[in-house]
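Remarks on the structure that follows.
In structure tokens, the structure reads:
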């Protein structure tokens, strides 16, 4: 399978997501080199640091002409940094840290909004390149082991395939050390559209001004 | 020597005491532990789907139906007495709220039901169950004493 186009899509999506988050946070974000790989199903859980790693995961279903699953992941240790950025007043007023389980409604909703923004920006860029619609569901939020928050991806794929195409990218905020990863796992039925479709030249451009 | 083997998604292993079998970060998948306490042999499977598979498959651990059947056969090969086999079942969580409507069974529920059905058909009694919820589990099955240790990221720990 030629992964060049997947790589192009992954990069375009990640760049747009980084731009969007950067504008919301008012800080410059860096984009780590994205990758696109075909992994045997049993190796998918190793993609983001191993099954036991505790993460804050935002999971979205992708509907439209090319279906799939999006997963936005921050390490649990990143939660204080992220919450301090997105809900600074509420976070500062809070006594004690958060390990992810005592999240307030406002914190949960802020994190889901971050997932939403990243996912929409990511999918918009891809959608633009491909000329097909990609629509995200509302995000689900869980703070748990990476293995546990990726089971549903494997279950969906295992019914039809032995391998997974994984598009991955990482955004970083150098000053605070905030790091987030975005994974897109297209459904096998979407691979023809994503991998074989004509990619419009000269795109993507950065979103926003 | 005490051996600890970790199972990946869809994997199945049988072993004898003093081995331990582990699954790290179990979500909506199901862990089935089948063992013979007398002979201290048994196996565990990390089941992804209810099954049965549409086509014959090499991935017997992936489906509830084929995983239970294979564990019974393999355990007997290791010296288990088929009529002494007992089972413990865990996993089947609903990790994300959007997974399904409140009343509709989730993928986790379906996996649990399929595993219970497969065990019942194989005539294996389920002596411990810890399923559902909205959290992940790390599980360790010990062939030495037949215990199944379940840990969560909230710091909960139980032995069934």
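Protein chains in written order, with the working numbering: chain A, 980 to 1188; chain B, 3 to 162. Backbone N, C-alpha and C fix where the C-beta goes; we use that ideal spot for every residue, glycine too. Since the structure is predicted, the reported quantities are computational estimates derived from the model, not experimental observations.
Query: Counting contacts by CB-CB distance shorter than 9 Å, is residue 1107 (chain A) in contact with chain B?; Result: no
Query: With distances taken from CA atoms, which of B:63, B:58, B:141 is nearest residue 90 (chain B)?; Result: B:141
Query: Which runs of the alpha helix (DSSP H) at least 4 residues long sit entirely within the segment 67–149 of chain B? Give them in chain order.; Result: 109–123
Query: Leaving aside the five residues before and after residue 1037 (chain A) along the sequence, list all residues of the same chain whose C-beta is less than 6 Å from its C-beta, in chain order.; Result: 1051, 1094, 1118, 1120
Query: From the DSSP output, in three-state form, read off residue 1096 (chain A) for me.; Result: helix
Query: Taking the CB atoms as reference points, tell me whether residue 135 (chain B) and residue 114 (chain B) lie closer together than 9 Å.; Result: no
Query: How about residue 150 (chain B) and residue 127 (chain B): are their beta carbons less than 9 Å apart?; Result: no
Query: So which residues on chain B does residue 1131 (chain A) lean against when the C-beta distance must stay under 8 Å?; Result: 29, 30, 97, 98, 101, 109
Query: To be precise: take each residue of the segment 1118–1130 of chain A, compare its Cβ to all Cβ atoms of chain B, and keep it if any distance is under 9 Å. Which residues remain?; Result: 1118, 1119, 1120, 1121, 1122, 1123, 1124, 1125, 1126, 1127, 1128, 1129, 1130
Query: Bridge partners of residue 1035 (chain A), per DSSP?; Result: A:1053, A:1122
Query: Who are the near neighbours of residue 1129 (chain A) in its chain, counting only those whose CB is closer than 6 Å to its CB and skipping five residues on each side?; Result: 1024
Query: If you follow the alpha helix (DSSP H) that residue 1063 (chain A) is part of, which residue opens it and which one closes it?; Result: 1058–1065
Query: Use the C-beta contact count for residue 1175 (chain A): other C-beta atoms within 10 angstroms, 16 or more gives buried, fewer gives exposed.; Result: exposed
Query: Rounded C-beta distance between residue 1149 (chain A) and residue 1156 (chain A)? I'm assuming under 8 Å.; Result: Actually they are not in contact, since the Cβ atoms of residue 1149 (chain A) and residue 1156 (chain A) sit about 13 Å apart, beyond 8 Å.
Query: Residues of chain A with CB under 9 Å from residue 13 (chain B), in chain order?; Result: 1021
Query: Starting from the Cα of residue 1062 (chain A), find the closest Cα among A:1165, A:994, A:1004, A:1135 and give me that residue.; Result: A:1004
Query: Please say whether residue 42 (chain B) and residue 121 (chain B) have beta carbons closer to each other than 9 Å?; Result: no
Query: At a Cβ threshold of 9 Å, is residue 61 (chain B) touching chain A?; Result: yes
Query: Less than 9 Å between the beta carbons of residue 1163 (chain A) and residue 1028 (chain A), yes or no?; Result: no
Query: Starting from residue 1142 (chain A) and walking both ways along the beta strand (DSSP E), at which residues does that stretch end?; Result: 1142–1152
Query: Please report the distance separating the alpha-carbon of residue 1141 (chain A) from that of residue 60 (chain B).; Result: 11 Å
Query: By Cβ distance below 6 Å, which residues in the same chain neighbour residue 1015 (chain A) in space, the five residues on each side in sequence not counted?; Result: 982, 985, 986, 989, 1146
Query: Residue 1114 (chain A) to residue 1172 (chain A), Cα distance in whole Å?; Result: 15 Å
Query: Around the C-beta of residue 10 (chain B), are 16 or more other C-beta atoms found within 10 angstroms, so that it is buried, or is it exposed?; Result: buried
Query: Using a Cβ-Cβ cutoff of less than 8 Å, which residues in the same chain neighbour residue 83 (chain B) once the five nearest sequence positions on both sides are dropped?; Result: 38, 40, 41
Query: Could you check how far apart the C-beta atoms of residue 1144 (chain A) and residue 1165 (chain A) are, in whole angstroms? I think they sit under 8 Å.; Result: 6 Å
Query: DSSP three-state label for residue 41 (chain B), please.; Result: coil
Query: Going by other Cβ atoms of all chains shown within 10 Å of its Cβ, with 16 needed for buried, is residue 1067 (chain A) buried or exposed?; Result: exposed
Query: Closest to residue 1000 (chain A) by CA distance: which of A:1134, A:1152, A:1083 is it?; Result: A:1152
Query: On the criterion of 16 or more Cβ atoms from any shown chain inside 10 Å, does residue 1112 (chain A) qualify as buried, or is it exposed?; Result: exposed
Query: Roughly how many angstroms lie between the CA atoms of residue 2 (chain B) and residue 1009 (chain A), to the nearest whole one?; Result: Residue numbering for chain B in the displayed model covers 3 to 162; residue 2 (chain B) lies beyond these limits and cannot be assessed.
Query: Using a C-beta to C-beta distance shorter than 7 Å, which residues of chain B count as neighbours of residue 1038 (chain A)?; Result: 98
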